[in-house]
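Chemist: Just so you know, we're using this note's numbering here: the sequence shown kicks off at 9 and counts up by one. Just so it is clear, CB atoms sit at the ideal spot from N, CA and C, and this is done for glycine as well.
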Amino acid sequence: MLQIPFPFPLQHLLCNVRCSTFAALLLGTGLLVLPARAEIEGFSDDFEDGSGLSMVWSEEGDPAGHKGIADGSYFLTDGYGAPGTKLLRRVESVPGSWKHEIEVVLDPFLGAVKTGTDFKWRSLGADGLIEIALNSFGKMRLYHNDFNGGAGVVQDPAGIDYQDGDILRLAVSYDEQTDTVSVAYSLNGGADVLFYTGGGIEGPLGDVMTKRVEAELYKFQDKRPAEQAVLGIRNWSLSGGSATGD
């Protein structure tokens, strides 16, 4: 039988009324309030020392590339290219507006050591995926794959003045009503810089969130395994209409 919480004992009401009828009566009197349409179920993880990696995260790719948590960050590297080294988390909810953020440090990445590596951060849903990629030449791009059609770069590679050891914050905000995203970045706690605003490769975006989120290092110069980039993830979060923390 359906269990419905009440502000007073059930026996004070009509005990022999069927649940469906009873619920209808409560709706009519305003005592039963149905929840609004569910949206993205959020999370926030700052990878604290001593807590270990939560079981909601999955490590994929080269096992040796996953270095674990230290100094308030989760560290990974990649020495051989395909399939890359990635940290991912499942997202199970219905579509809605959302904001996806990550704060990372890449060191070494570019500069004196040419690691030949992409840092990729993406989200995937029922309709497609979006991905921000920063390469070790200092250029960042935005990519969209529409599972029903086209795929390609929607924001061409551009320099963002990143230097090894800088704190890079990325933020993607999706507006369900307009079906558009805004992408921004900041360096070392500075002001946000708008990188892109608009739709997908063929216009619509749809659901690009409700499957999983991923952060990856991919070494495209896989013949130089000694020169490996190191990614430290300081914070990762997703917020929506029903955001919750770990």
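(1) Taking only three categories from DSSP, how would you classify P165?
(2) Have a look at L178 and V64 and give me their C-alpha separation to the nearest angstrom.
(3) Should the segment 123-143 be regarded as contacting the segment 62-78, the criterion being three or more beta carbon pairs within less than 8 angstroms?
(4) To the nearest angstrom, how far is it from the Cα of A120 to the Cα of A223?
(5) Is it right to say E49 is buried, meaning 16 or more other beta carbons lie within 10 angstroms of its own, or is it exposed?
(6) By the three-class DSSP mapping on this structure, what secondary structure does W244 have?
(7) Just to confirm my understanding: we take Q229, look at its own chain, exclude 5 residues before and 5 after, and list those with CB closer than 6 angstroms. What are they?
(8) Given that a residue counts as buried once 16 or more other Cβ atoms are within 10 Å of its Cβ, and exposed if not, what is Q185?
(9) Can you give the Cα-Cα distance for G240 and G80, rounded to whole angstroms?
(10) With DSSP as the reference, please indicate the residues paired to E68 in a beta bridge.
(11) What is the DSSP secondary structure of G198, reduced to helix, strand or coil?
Modeler: Judging by the given coordinates:
(1) strand
(2) Roughly 22 angstroms between the two C-alpha positions.
(3) no
(4) 24 angstroms
(5) buried
(6) strand
(7) G124
(8) exposed
(9) 9 angstroms
(10) K94
(11) Looking at G198 - three-state DSSP - the assignment turns out to be coil, as it is neither helix nor strand.
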